[in-house]
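Residue numbering for the sequence shown follows the UniProt record's numbering, starting at 1 and increasing by one per position. For glycine and all other residues, C-beta sits at the position ideal for the given N, C-alpha and C. Okay, structure first, notes after.
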Amino acid sequence: MPAERTPAAARATAKAAPVSAVAKSQSSLAISTRTENSVVLLTAEGVLEPSNSAELRDAIMKATVDLPSAVIVDVSSLQVPDQTAWLVLLGARWHVDTRPDVPIMLVSNNRVAREAITGKGVARFMPVYPTEKAAVKAVDRLSRRKVRHAQAKLPANLTSLRESRQLVREWLTNWSKPGLIPVALVVVNVFIENVLEHTGSEPVMRVECDGPTATIAVADASTAPAVPLASPPKGIDVSGLAIVDALSRAWGSTPTASGKTVWAVIGPENQL
């Protein structure tokens, strides 16, 4: 478990570092960076589209490298014609090299945009605030969260099914979450099985525990999104992802810089 850190982000007397050069692209997206104390603040301007949203995702990932107290991303000046572009930002949260103990927060002074970010499920992992001041105020609280997390890269063969279940059971037991184990085992089995069957990748499994909930996430090298298979006209065959949908609070398939991550959040109400 990472050592607890208490950032000095909210100190009003702090001096801001010089703003870095604005990164501009041919896709009309500009991203500037500055640092105040141990918090990295990004400001994105222009048009955010599915075709260029990876640039913002990668900028957020880069900002987490030196383990700041938090990364705050101001998207107030972004135009977002296609609301699915927000989903790509989750890739910064779910890339295999991202540290889950570094909070990533969004700022938008546009209520409609905040509702869209929340509606797409992004705010579940990257909370959104109406002002930068409100986000900075929340840094101390978010940084003090005891986020337990563990990660393992597994082989691209059937032994990963057994190994992933063993690790999930071990981690959740160590974190005093035995009640989440039955559902977590079903979820991770579905995710690993899908990676082996459809991608041939070496799955990378991450489990996080934050308060009463746990998140099971499995990354692979395929960019094809995970979607439930349609049930056959006859019979009761149900896809694994449909089972995950029924057993979890929420789940999703998030594109990352190296492929995708499929994740599910489970809580005490998710029982077998």
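Same chain, Cβ closer than 7 angstroms to residue i, neighbours up to 5 away in sequence not counted
i	result
A21	Its pLDDT being 45, under 50, A21 is placed unreliably by the model, and nothing is read from it.
CB of residue i within 8 angstroms of CB of residue j, strictly
i	j	result
A264	S248	yes
W171	A150	yes
L87	T254	yes
E45	A30	yes
A152	L167	yes
L89	M61	no
H198	S222	yes
S77	V47	no
G252	A219	no
G91	T213	no
L158	V190	no
L161	E193	yes
R141	A250	no
V96	V204	yes
V139	V73	no
residue 280	N109	Residue 280 lies beyond the residue range present for the chain, which begins at 1 and ends at 272; the question has no answer from this structure.
Residue burial classification, residue i (beta-carbon count within 10 angstroms, cutoff 16)
i	result
A3	With a pLDDT of 42 at A3, under the threshold of 50, the predicted position of this residue should be treated as unreliable, though the coordinate-derived value follows. Looking at its Cβ environment, which holds fewer than 16 other Cβ atoms inside 10 Å, A3 is exposed.
G211	exposed
P268	exposed
V71	buried
V238	exposed
K133	exposed
T122	It is worth fixing the name first, because residue 122 is Val in this sequence and not Thr. So V122 ends up on the buried side.
R93	buried
K137	exposed
S51	exposed
V112	exposed
L180	buried
P178	exposed
Q26	Any reading at Q26 must be qualified, since the residue scores a pLDDT of 46, below 50, and its modelled position is unreliable; no value is offered.
N270	buried
Assigned secondary structure, residue i (DSSP; H/G/I helix, E/B strand, else coil)
i	result
residue 283	Given a span of 1 to 272 for the chain in the structure shown, any question on residue 283 remains unanswerable.
S53	helix
A221	coil
S143	helix
T131	coil
R249	coil
L89	coil
Q26	Any reading at Q26 is ruled out, since the residue's pLDDT is 46, under 50, leaving its predicted position unreliable.
R162	helix
M105	strand
L167	helix
D58	helix
T98	coil
E269	coil
T35	strand
V65	coil
A184	helix
L78	strand
V71	strand
L172	helix
V244	helix
In DSSP terms, what residue i is bridged to
i	result
L255	The question names Leu, yet the displayed sequence has Pro at residue 255. DSSP, once it has assigned bridges, lists K260 as partnering P255.
K153	V204
R148	C209
R111	Note: R111 sits in no beta bridge, so no partner.
I216	V207 and A264
residue 323	What the structure shows of the chain is the stretch from 1 to 272, and residue 323 is not part of that stretch, so it cannot be assessed.
Neighbourhood of residue i by C-beta distance below 6 angstroms, restricted to the same chain and skipping five residues each side
i	result
Y129	V107 and A135
V188	S164, V168 and I216
L229	S239
R206	Q151 and A217
Same chain, Cβ closer than 8 angstroms to residue i, five either side skipped, listed in chain order
i	result
V147	P2, P100, D101, E208, C209 and D210
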